[in-house]
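Residue 83 in my numbering sits at position 48 of the sequence shown; the count goes up by one each step and never skips. The beta-carbon is built from N, C-alpha and C at its ideal position, and this holds for glycine as well. The structure under discussion appears below in the form of structure tokens.
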Amino acid sequence: MPCIHTKIGILTIVGDYKPGDPRPSGYSDFVEWATVQEKAGLRPARCGQCSLWRYPQEMSGRVVVSHPTDSYGNTVEVRSPVCRECDAREKRSET
Ligand SMILES: [Zn+2]
Numbered sequence: 036m037p038c039i040h041t042k043i044g045i046l047t048i049v050g051d052y053k054p055g056d057p058r059p060s061g062y063s064d065f066v067e068w069a070t071v072q073e074k075a076g077l078r079p080a081r082c083g084q085c086s087l088w089r090y091p092q093e094m095s096g097r098v099v100v101s102h103p104t105d106s107y108g109n110t111v112e113v114r115s116p117v118c119r120e121c122d123a124r125e126k127r128s129e130t
């Protein structure tokens with residue numbers, strides 16, 4: 036988004052975001068975008084590969100399954116979504 040330099044500082048104009056829009060670059064834009072996503076009821080989930088919190092529109096639809104053990108030694112199945120960045124990175128490394 037554009038920054039306007041004024042005598043008293045820099046005025047940053049953030050975009051008009053809708054629920055489901057892709058993540059913008061830049062901190063001010065991200066905060067505004069994330070606020071719109073939260074108000075719309077979208078909740079981030081943790082990516083199973085990079086462990087970053089991502090909103091549903093940032094997920095690839097692929098799920099990784101892991102089998103850690105709980106504190107009692109029982110094996111549990113954990114299904115975690117994978118973000119688009121990790122999915123694209125993995126597809127590039129396969130080729
Ligand atoms: Zn990821």
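| query | result |
| --- | --- |
| Is the Cβ-Cβ distance between Gln72 and Pro54 less than 8 angstroms? | yes |
| For Ser115, report the span of its alpha helix (DSSP H) as first-last. | Note, Ser115: premise wrong, no alpha helix (DSSP H); beta strand (DSSP E) at 113-118. |
| My output table needs one value for Val49: the three-state DSSP class, helix, strand or coil. | coil |
| Please name the residue in Pro91, Val66, Gln84 whose C-alpha comes closest to that of Arg78. | Pro91 |
| Considering only their Cβ atoms, is the gap separating Gly83 from Val99 smaller than 8 angstroms? | yes |
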